[in-house]
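What follows is a set of notes on a single structure, which appears directly below.
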Amino acid sequence: CNAAVGVKAFFDMMHSGPHKVMLFGDVCTQVTDPIAKASKHWRLTQLSYADTHPMFTSDNFPNFFRIVPSENAFNAPRVALLNHFNWTRVGTIYQNEPRYAL
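Taking our numbering, I'd label the letters of the sequence shown as residues 44 to 145.
Next up, the structure:
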């Protein structure tokens with residue numbers, strides 16, 4: 044999940060044959076973000092199999108697609124769980140690090 048390594052690999056790939064039309068990956072937001080921003084200039088379709096960050100919307104990244112739901116898609120089930128058990132007080136524990144970070 045190193046942005047510098049990911050971006051270098053992307054540019055190395057783009058400057059070698061054959062012609063690319065689609066990019067598969069990445070997992071980590073810190074790599075996906077700069078590559079998604081750059082890949083639109085080559086009109087590449089980018090498909091991510093694991094990045095769930097909500098910033099990757101079709102408005103901001105029209106060539107970006109994912110096969111997993113955005114983090115925002117989990118909000119309704121979370122609320123349904125709270126309602127199901129009639130919970131009125133909830134504590135949240137979260138990690139302030141990129142997903143899959145060590």
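Cβ coordinates follow ideal geometry from the N, Cα and C atoms, glycine included.
Only a predicted model underlies this, so the values are computations on that prediction, with no experimental measurement involved.
Helix, strand or coil at residue i according to DSSP, with G and I counted as helix
i, result
"T72", "helix"
"M98", "coil"
"S91", "strand"
"F117", "helix"
"D103", "Here residue 103 turns out to be Asn, not Asp, going by the sequence shown. Three-state result, N103: coil."
"P77", "helix"
"H62", "coil"
Buried or exposed by the 16-neighbour rule on C-beta atoms within 10 Å, applied to residue i
i, result
"F99", "buried"
"T75", "buried"
"A79", "buried"
"F53", "buried"
"L124", "exposed"
"T72", "buried"
Segment limits, alpha helix (DSSP H) that includes residue i
i, result
"L87", "First-last for L87: undefined, no H or E at that position."
"G134", "Segment: none, G134 is in no alpha helix (DSSP H) and carries neither H nor E."
"G49", "46 to 57"
Extent of the continuous beta strand (DSSP E) to which residue i belongs
i, result
"R109", "107 to 109"
Those residues which DSSP pairs with residue i across a bridge
i, result
"F67", "L90"
Counting Cβ pairs closer than 8 angstroms, one from the region 122 to 136 and one from the region 103 to 112, do we hit at least three? no
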